[in-house]
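Asks:
Numbering (UniProt numbering), first residue to last: 1 to 155.
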């Protein structure tokens, strides 16, 4: 076997390996982008807590360390502001079991990075929450003349 054919076969083998890795990555990305069903999301939320008043410089590792005594943590996230990309002072922690959730709820009021944190059950997001506050409103501007206020008061 000549040197060039040996080199070509090595390149071919590496190419196959890279192709396999690429396919695995594509499959894992597709799995991550699929949102859980509504039932699955409710079940996940039933095992998750909302943590408020989290220090802005806290890390996921520090939060996991603080809550590790509650039980097995599946996921811990600290959301970021979509405009400034800075951490918000909240976090969400998903536990493996409902018993762990109860233990975590008992940690409400504990000190984390010199701040008293608030731990509550996570609520399930509903479409449209946070988009509109209150009911539907109509704003009436530039009403001229002798129009009585009584015509608008029911609205």
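Glycine residues also receive a C-beta, built at the ideal position from the N, C-alpha and C atoms.
On a predicted model such as this, the values are computed, not experimentally measured, just so you know.
Distance check for residue 52 and residue 77, CA to CA, integer angstroms please.
Replies: The alpha-carbon atoms of residue 77 and residue 52 are separated by roughly 12 Å.
Asks: As a quick exercise: from 97, 111 and 87, pick the residue whose alpha carbon is nearest that of residue 49.
Replies: Per the Cα distances, 97.
Asks: How should residue 28 be labelled, buried or exposed, when 16 other C-beta atoms within 10 angstroms of its C-beta is the threshold for buried?
Replies: Residue 28 should be labelled exposed.
Asks: Mind checking who residue 120 pairs with in its DSSP beta bridge?
Replies: According to DSSP, residue 120 bridges with 50.
Asks: Does the contact criterion of 3 or more C-beta pairs under 8 Å hold for the region 6 to 24 versus the region 65 to 83?
Replies: With the cut-off at 8 Å, the region 6 to 24 and the region 65 to 83 do not touch.
Asks: Measure how close the beta-carbons of residue 47 and residue 101 come, nearest whole angstrom, since I'm counting them as under 8 Å.
Replies: Correct: roughly 5 Å between the Cβ atoms.
Asks: Among 92, 82 and 39, whose alpha-carbon lies nearest the alpha-carbon of residue 59?
Replies: Out of 92, 82 and 39, 92 has the C-alpha closest to the C-alpha of residue 59.
Asks: Quick one: grab the DSSP three-state call for residue 25.
Replies: Helix.
Asks: Between the alpha carbons of residue 71 and residue 103, how many angstroms are there, rounded?
Replies: Computed Cα separation, rounded: 8 Å.
Asks: Taking the C-alpha atoms as reference points, what is the distance between residue 74 and residue 95?
Replies: Approximately 5 Å between the Cα atoms of the pair.
Asks: For residue 44, collect the residues of the same chain with a Cβ closer than 7 Å to its Cβ; drop the 5 residues on either side in sequence, then sort them by chain order.
Replies: Same-chain partners within the cutoff: 36 and 94.
Asks: Would you tell me roughly how many angstroms separate the C-alpha atoms of residue 107 and residue 14, rounded to the nearest one?
Replies: About 51 Å.
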